[in-house]
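Asks: Protein chains in written order, with my numbering: chain A, 1 to 308; chain B, 1001 to 1308; chain C, 2001 to 2308; chain D, 3001 to 3308.
All C-beta atoms in this analysis are idealised placements derived from N, C-alpha and C, irrespective of residue type, glycine included.
If you scroll down you'll find the structure; I have some questions about it.
Protein chains: 4
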Amino acid sequence: MATAFEPPAVVGFIGLGNMGLPMAANLLMVGYTVRAWNRTAARGEPLARQGATLVSRPGDVAEPGGLVLSSLADDAALEEVFGKTEELLRRLGPGGIHLSLSTVSPATSRRLAEQHARYGVTYLAAPVVGRPDAAAAGKLWIFVSGPAAAYERVRPVLRVLRQGDFHLGEDPGAANVAKLGCNFLIASAMEALAEAFTMAEKNGLPRATMAEVVTGTIFDCPAYRNYGKLIAEERYQPALFKLSLGLKDIRLTLQTAESSRTPMPFASLVHDHFLAALAKGRGDWDWTALAAEVSEDAGLPAPRDQAS
Amino acid sequence: MATAFEPPAVVGFIGLGNMGLPMAANLLMVGYTVRAWNRTAARGEPLARQGATLVSRPGDVAEPGGLVLSSLADDAALEEVFGKTEELLRRLGPGGIHLSLSTVSPATSRRLAEQHARYGVTYLAAPVVGRPDAAAAGKLWIFVSGPAAAYERVRPVLRVLRQGDFHLGEDPGAANVAKLGCNFLIASAMEALAEAFTMAEKNGLPRATMAEVVTGTIFDCPAYRNYGKLIAEERYQPALFKLSLGLKDIRLTLQTAESSRTPMPFASLVHDHFLAALAKGRGDWDWTALAAEVSEDAGLPAPRDQAS
Amino acid sequence: MATAFEPPAVVGFIGLGNMGLPMAANLLMVGYTVRAWNRTAARGEPLARQGATLVSRPGDVAEPGGLVLSSLADDAALEEVFGKTEELLRRLGPGGIHLSLSTVSPATSRRLAEQHARYGVTYLAAPVVGRPDAAAAGKLWIFVSGPAAAYERVRPVLRVLRQGDFHLGEDPGAANVAKLGCNFLIASAMEALAEAFTMAEKNGLPRATMAEVVTGTIFDCPAYRNYGKLIAEERYQPALFKLSLGLKDIRLTLQTAESSRTPMPFASLVHDHFLAALAKGRGDWDWTALAAEVSEDAGLPAPRDQAS
Amino acid sequence: MATAFEPPAVVGFIGLGNMGLPMAANLLMVGYTVRAWNRTAARGEPLARQGATLVSRPGDVAEPGGLVLSSLADDAALEEVFGKTEELLRRLGPGGIHLSLSTVSPATSRRLAEQHARYGVTYLAAPVVGRPDAAAAGKLWIFVSGPAAAYERVRPVLRVLRQGDFHLGEDPGAANVAKLGCNFLIASAMEALAEAFTMAEKNGLPRATMAEVVTGTIFDCPAYRNYGKLIAEERYQPALFKLSLGLKDIRLTLQTAESSRTPMPFASLVHDHFLAALAKGRGDWDWTALAAEVSEDAGLPAPRDQAS
């Protein structure tokens, strides 16, 4: 029977962005041997100094029958690395596992799972909830879906990255559905907070006071505390999570909803607010800048660009 | 200087509904002398057995310069008791305080505050957050607005009723703005959960699993736990808070928003969903039944009426 | 049997605004004896020069058993003139008819019809479709509801004012329902045109070209031609119909819809766009300025204020 | 200089569906030589009896330097016929013109125009407005975009098919933008009519009466007359234009809007109503069945399935 991936096992890592880099660093730290690839090689240098091997082609991260993690920006990036040459899958081969940490559509996961199977590779969807600071602290939440046996094998790796994980069954798309649902819920909470704060402000009750009574009573949880503070203070830069990426996630949500014939009117509305923000040149602001649409529609001044 | 209302002070209590009754009982229990009135006198009998005096006219609950609490269904009921004859205010008179616990519009509170002032009575808006079980346990959240001196005098009474309170300033409408904002946020969270669960269900991920990952990670707070459970299980009866009252609160929110020129698109949408549920005869169901609109629009079966 | 109101019959006229003034002038012109009242008496002077008698109290326009027309800004103005003293109704008395031309809610019409009946007066709801130029040309459309016999008696008067009329049955609210429905349809057409033109503009197709293909093919009717031209040219001032009045009409529509438990999501959305325009200080612009909300949400420049 | 395509010129015709078949028949009738291809060859038999030549491969319809018309269901079908083998383009070659009558996205038209140019072929986007009966009567409206010289050459052909056409400039996507805008405007008009009729019905005013006053006054144009009648009578079967195709067109509109950063809230809402209808199994009903969503949300009975 296949054994668990425990240090000092070799793990391949594809994608060293804001999320991938701290995750790979944490794996190094606990003793894994990390072979990493990133489109822009220079981004990997800090990791190399910590002991990782940087390779120049994606396929070179793979060990036959081993484990490869990927953390990429979107469906297209993921499909390009794994879909185009299939060199990586050929090398990974029978017994290999691909732990796919990106936020992509369930349809993409299902398609990749079938493709991987042709090489004997198991695809595990494993999107994460949390921002770069949570990644650095090993405090992500991870939703996993795919074969249970593969999930058991990668648990030692998951434990390095997360404060908790959920195995959501065999359908490779299930974890993506859960992740898209969470991001949609966050976006909806942001819009709702923006509307409540704006109504308060226009009725003479300060936004910060409204934030305090909301998070001090029935909405005492991280999402409302963190986003509530940013939206109350109208502090939309620098971005912790770019608005253009938020729009992308809501688009994936709406596509998933459409293909399953599920009207999601809140998602449509949030989508339109993100789109308006993008049209106004705020794609690189934090996605909480969605709230500025609500303020402006109430005749309040537009937020200043604080980037420069 | 005016002294605090401490037991065994006489307090008047207007309105012995699902919320008023347990609050009045708690005041009795800690030693207050309670004179109570309810439109339907019979509802007050349990309270009388605990030692309260039931009176037949609202005015009779008042002690000159004393304290009267009211807990009524809506603006119209409040305006009728305090507005029509003004007998109650005449008796309460200079130094008297009216602690108004109902969810009404800020405009109503402002109007009543002016009217009360003509009799030397101080109006304190004091809407509560929490359901009947929280009222019984003395675990309500209370938002107070109006003169600070009056707020200080009623604090001993508040302490009997609540787990926490917030004084939101002198504007008598401020507490109502905060309360409407909270109910709007709850309704929005319910709609968002309904959409996320329905999308999950139609993609093969059980509603209960989606509820678990949501409340087990970033939305670990009472509102999401409680409403998430009911919406995941599609258990909309019996009502803890009637859908028709939820619609009323959203209507007050939209009116307050309109009079301050604040578009609230989420509120408009939630309003339309509540209205559809009412049109289908679900006004007496729990307000979480809003979620059934989302399921039905996705072609899923309508929930069964479980009332009989 | 009661006879028709034909010239030189005396008719009373309440309300000499942009719509009332030309209508009263047309009645004078064909030979009616007109007794008129307006809150601001000075507005009636041109009419006096044409031969009308101006009176200083609303009640003085009425002839026992005669006909009074009213054209007022909103429900409140109508209720004040007819509701407060009831002097006018007392004078009008048995056999009298009140032809109510204002755009008010069906509920107001039903309430007034009952009140009028107590004096033997028949209330006919008769809201008009058309702008001041159509009123001046006697080219209004008029929707009438109330007793058929009364409708027959006033037809000679209607013929002076309109290019066509519809008797919509006995329910005094029916004509108001029809009128609100029409204004809602116009507002929806304006929003739809704004979205289509904005999408075209952002894809390189000029707004005017889009307007041309739309009204040159399947939408070749006055509403699309007139509003399409204004919205294509983004010419929102001076107002032919003030945006604040458009908001009022949509509010009446939503109230009527709510009291009959009818969700109208387009109406909610149009309401929110009107509200945003009002929040930005455009209440006195033409109601087509609704379209500016769509352009601004697409990142296009806000329209200049052309009032000064 | 290239000459106009006049009878008895050979024209190729790709796609003999509800729209393509009557168009091709009209070309035959006035003397063109027609070579036609359809995926399901049997559909072309009536045309063969009228004198057309049916070919078994798309490429066989093309004459070097000649004209090919296509009328296909969607972007995918169009891209498959013209994109896959490119045999058709190779045969058509320098001087050839492809008149593309399908409703596709502007992005698809732009992509195909570039691809065609590599073979010396000119791509003209030429989506049509009108239903099969208008196609049979040669009474379509046609929006054309692409090089002016090519437009001039195909005008003799257009004259056989249409009651009017518009040349919208050189951008091959422009005509598609106009067509999507028109379909969006129709869908919005249908939703608005559905809301107005439902409000009327729930207030005691018959749907048919409301339809009469609307189309008898300011909305006296084909779109409101035709769709108003169907929606007033709630006659949603058989389909003149399938709801699933309406959803497709609104999806293309939203994609075009998103790629140009244009929020279109009416389009989002109409999309959600079409999606709900599809979820309830009404994809093969007429797209006016969108109106049933409005009635059902108002608690009125669901329309009966009249297909069987």
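Is there contact between the stretch 222–234 of chain A and the stretch 289–296 of chain A, where contact requires at least three CB pairs shorter than 8 Å?
Replies: Output reads yes: the stretch 289–296 of chain A touches the stretch 222–234 of chain A.
Asks: Using a Cβ-Cβ cut-off of less than 9 Å, list which residues of the stretch 2127–2143 of chain C approach chain D; keep chain order.
Replies: Correct list: 2129, 2130, 2141, 2143.
Asks: Taking Cβ positions only, does residue 11 of chain A come closer than 7 Å to chain B?
Replies: False, the Cβ-Cβ gap to chain B never drops below 7 Å.
Asks: Can you list the residues of chain C that residue 1230 of chain B reaches, using a CB-CB cut of under 9 Å?
Replies: Near residue 1230 of chain B there are no residues of chain C at all, since even the closest Cβ is about 23 Å away, more than 9 Å.
Asks: Going by C-alpha to C-alpha distance, which of C/2207, C/2144, C/2067, C/2284 sits closest to residue 2011 of chain C?
Replies: Ranking C/2207, C/2144, C/2067, C/2284 by Cα distance to residue 2011 of chain C puts C/2067 first.
Asks: Look up residue 1125 of chain B in the DSSP assignment and give the residues it is bridged to.
Replies: Bridge partners of residue 1125 of chain B: B/1100, B/1145.
Asks: When the cut-off is 7 Å and only beta carbons count, does residue 1280 of chain B lie next to chain A?
Replies: Chain A contact via Cβ: absent.
Asks: Within a Cβ cutoff of 7 Å, which residues of the same chain sit near residue 3156 of chain D, ignoring the five residues on either side of it in sequence?
Replies: The residues are 3004, 3005, 3006.
Asks: For the putative contact between residue 177 of chain A and residue 1200 of chain B, defined by C-beta atoms under 8 Å, what is the C-beta separation to the nearest angstrom?
Replies: The pair is a contact, with the Cβ atoms about 6 Å apart (cut-off 8 Å).
Asks: Output needed for residue 2031 of chain C: all residues of its chain with C-beta closer than 8 Å, excluding positions within five of it in sequence on either side, in chain order.
Replies: Answer for residue 2031 of chain C: 2007, 2008, listed in chain order.
Asks: Can you find at least 3 beta carbon pairs, one from the stretch 1262–1280 of chain B and one from the stretch 262–281 of chain A, that sit closer than 8 Å?
Replies: The answer is yes - the stretch 262–281 of chain A touches the stretch 1262–1280 of chain B, with three or more Cβ pairs under 8 Å.
Asks: Would you call the stretch 165–179 of chain A in contact with the stretch 133–153 of chain A, where contact means no fewer than 3 C-beta pairs closer than 8 Å?
Replies: Yes: at least three Cβ pairs fall under 8 Å.
Asks: Would the beta-carbon of residue 3306 of chain D fall within 7 Å of that of residue 3255 of chain D?
Replies: It is not a contact, given that the beta carbons lie outside the stated cut-off.
Asks: Return the residue from the list D/3078, D/3295, D/3172, D/3013 that minimises the CA-CA distance to residue 3056 of chain D.
Replies: Selected option, being the one with the closest Cα: D/3013.
Asks: List, in chain order, every chain A residue whose beta-carbon is nearer than 7 Å to that of residue 3275 of chain D.
Replies: Those are 258, 261, 263, listed as they occur along chain A.
Asks: Using the rule of at least 16 other Cβ atoms within 10 Å of the residue's Cβ for burial, across every protein chain shown, is residue 1217 of chain B buried or exposed?
Replies: When all chains shown are included, residue 1217 of chain B counts as buried.
Asks: How many whole angstroms separate the CB atoms of residue 3052 of chain D and residue 3034 of chain D, which I take to be in contact at a CB cut-off of 8 Å?
Replies: The pair is a contact, with the Cβ atoms about 4 Å apart (cut-off 8 Å).
Asks: Listing by chain order, which chain C residues have their CB less than 8 Å from the CB of residue 1272 of chain B?
Replies: Correct list: 2263, 2264, 2265, 2268.
Asks: Taking the C-alpha atoms as reference points, what is the distance between residue 3086 of chain D and residue 3140 of chain D?
Replies: Approximately 29 Å between the Cα atoms of the pair.
Asks: Helix, strand or coil for residue 3108 of chain D per DSSP?
Replies: Of the three classes helix, strand and coil, the one that applies to residue 3108 of chain D here is helix, per DSSP.
Asks: Strictly by DSSP, which residues pair up with residue 36 of chain A?
Replies: Paired residue(s): A/13, A/54.
Asks: Step through the CB atoms of chain A and report whether any lies within less than 7 Å of the CB of residue 2298 of chain C.
Replies: So yes, residue 2298 of chain C belongs to the interface.
Asks: If distances are taken between C-alpha atoms only, which option among D/3106, D/3002, D/3244, D/3043 comes closest to residue 3171 of chain D?
Replies: Nearest option by C-alpha distance: D/3106.
Asks: Just to confirm, is the Cβ distance from residue 1047 of chain B to residue 1077 of chain B under 7 Å?
Replies: Result no, Cβ atoms of residue 1047 of chain B and residue 1077 of chain B do not sit closer than 7 Å.
Asks: Give a yes or no on whether the minimum CB-CB distance between residue 1002 of chain B and chain A is below 7 Å.
Replies: Chain A, which has no Cβ nearer than 7 Å to the Cβ of residue 1002 of chain B, makes this no.
Asks: Round the Cβ separation of residue 2101 of chain C and residue 2126 of chain C to the nearest angstrom and send it over; I've been treating them as touching at under 8 Å.
Replies: That belief holds up - the Cβ atoms of residue 2101 of chain C and residue 2126 of chain C are roughly 5 Å apart, short of 8 Å.
Asks: Any beta-carbon of chain C closer than 7 Å to the one on residue 3218 of chain D?
Replies: Residue 3218 of chain D counts as touching chain C.
Asks: With a cut-off of 8 Å on the beta carbons, I'd call residue 2120 of chain C and residue 2096 of chain C a contact; round off their distance for me.
Replies: The pair is a contact, with the Cβ atoms about 7 Å apart (cut-off 8 Å).
Asks: Would a C-beta distance cut-off of 7 Å place residue 3180 of chain D and residue 3278 of chain D closer than the cut-off?
Replies: No. Outside cutoff.
Asks: Could you have a look at residue 2282 of chain C and say whether DSSP puts it in helix, strand or coil?
Replies: Of the three classes helix, strand and coil, the one that applies to residue 2282 of chain C here is coil, per DSSP.
Asks: Could you check whether residue 3198 of chain D and residue 2262 of chain C sit closer than 7 Å to each other, using their CB atoms as the reference points?
Replies: Yes, the Cβ-Cβ distance between residue 2262 of chain C and residue 3198 of chain D is below 7 Å.
Asks: Would you call the CB atoms of residue 243 of chain A and residue 283 of chain A closer than 7 Å?
Replies: Yes.
Asks: Spatial neighbours of residue 1113 of chain B within its chain, please: C-beta separation below 6 Å, excluding the five flanking residues on both sides.
Replies: These residues qualify, in order along the chain: 1123, 1172.
Asks: Would you say residue 1075 of chain B lies against chain A (beta-carbon separation less than 7 Å)?
Replies: Not an interface residue.
Asks: Can you name the start and end residues of the beta strand (DSSP E) that residue 3075 of chain D belongs to?
Replies: Taken as a continuous stretch (DSSP letters only), residue 3075 of chain D belongs to no beta strand (DSSP E), being part of the alpha helix (DSSP H) at 3075–3083.
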